[in-house]
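Asks:
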Amino acid sequence: FQEAEWSEGVKIKEIAKDKVYGLVYTDDHGQMTDVECVFTVYGAISKKDLPPLKTSVKQLDAGRLRFLRQWIRLDGLGTEHFKDAVEAAASVCELFDRAFEEGALEKWKETLTGNKDKLLDMSSKLVTHVDKANGQCHIPFDSSANPSGVMESIIQKGFIHTEDNVVQYSEGKGGLDGKRRYEKIGPQAFRIGDLVVAQLSFKVIVLKEGKTKKSRMIVVL
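Residues 163 to 383 (the working numbering) make up the sequence shown, in order.
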């Protein structure tokens with residue numbers, strides 16, 4: 163987000179079935195690649211809903227499994243970097259808006275605190291229905307996010323855990339040589355108030371409400 167010209171060399175591309183659009187980089191000839199744009203933002207966790215699940219998967223039907231997410235809300239603590247990031251997210255929505263008919267894309271709005279401070283919500287689906295997986299294979303859940311192993315039972319309900327559902331969690335530590343290294347940790351290690359560096363992307367999904375179609379931008383963790 164820090165680069166003012168982030169939108170140069172970026173185009174909108176349909177990246178999944180059922181009209182899911184994302185931002186991808188272009189090559190030296192201006193042609194779209196399959197490399198999705200990833201942004202970095204710094205903030206403090208103010209809310210979260212991360213694995214492991216507090217509800218047994220066996221008790222969930224397909225309708226609820228479809229919407230299972232890992233989710234965090236970041237607070238920029240008043241920093242200019244974070245304010246710029248939120249403004250950039252709004253400009254991403256404006257970029258997407260030009261790809262649809264006027265009024266088809268809902269206007270994206272950041273979350274606000276009671277003091278009008280801006281927050282940024284981001285999430286990622288925990289599982290994907292096999293019909294929407296675009297040929298991706300099942301990736302076993304990490305034991306830290308699935309200590310009981312029960313999440314693997316989603317396969318019996320027509321869902322899989324794909325590369326798109328994987329979120330990497332790590333902790334940065336300074337070495338004796340002064341270089342910062344990142345070690346893999348489980349999502350259960352994070353707490354409200356932790357200062358984090360999050361990588362995110364933007365997607366537009368097309369929703370059906372009766373006979374009406376509406377598009378919405380989501381921030382993906």
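Note that the Cβ used here is the ideal one computed from N, Cα and C, for glycine as well.
Would you say residue 207 faces chain B, with C-beta separation under 7 Å as the test?
Replies: This model lacks chain B altogether, as it is built from one protein chain only.
Asks: Nearest to residue 269 by CA position, among 284, 253, 279, is which residue?
Replies: Ranking 284, 253, 279 by Cα distance to residue 269 puts 253 first.
Asks: Between the stretch 212-231 and the stretch 283-290, do at least 3 Cβ pairs fall closer than 8 Å?
Replies: Touching, yes.
Asks: Ignoring anything shorter than 4 residues, give me the alpha helix (DSSP H) runs that lie fully in the stretch 233-311, in order along the chain.
Replies: Fully enclosed alpha helix (DSSP H) runs of 4 or longer: 242-259.
Asks: What would DSSP say about residue 376, mapped onto helix, strand or coil?
Replies: Note: residue 376 maps to strand in three-state DSSP.
Asks: Which of the three DSSP states, helix, strand or coil, is assigned to residue 205?
Replies: In the structure shown, residue 205 sits in a strand (DSSP, three-state: E or B).
Asks: How would you call residue 316, buried or exposed, if buried means at least 16 neighbouring beta carbons within 10 angstroms?
Replies: Buried: at least 16 other Cβ atoms inside 10 Å.
Asks: Taking residue 175 as the reference, give the member of 219, 212, 258 with the closest Cα.
Replies: The shortest Cα separation from residue 175 among 219, 212, 258 belongs to 258.
Asks: From residue 200 to residue 367, what distance separates their C-alpha atoms?
Replies: About 17 Å.
Asks: The ligand FAD and residue 266: does the residue's C-beta get closer than 6 Å to at least one heavy atom of that ligand?
Replies: The model on display carries no ligand, and the ligand FAD is accordingly not part of it.
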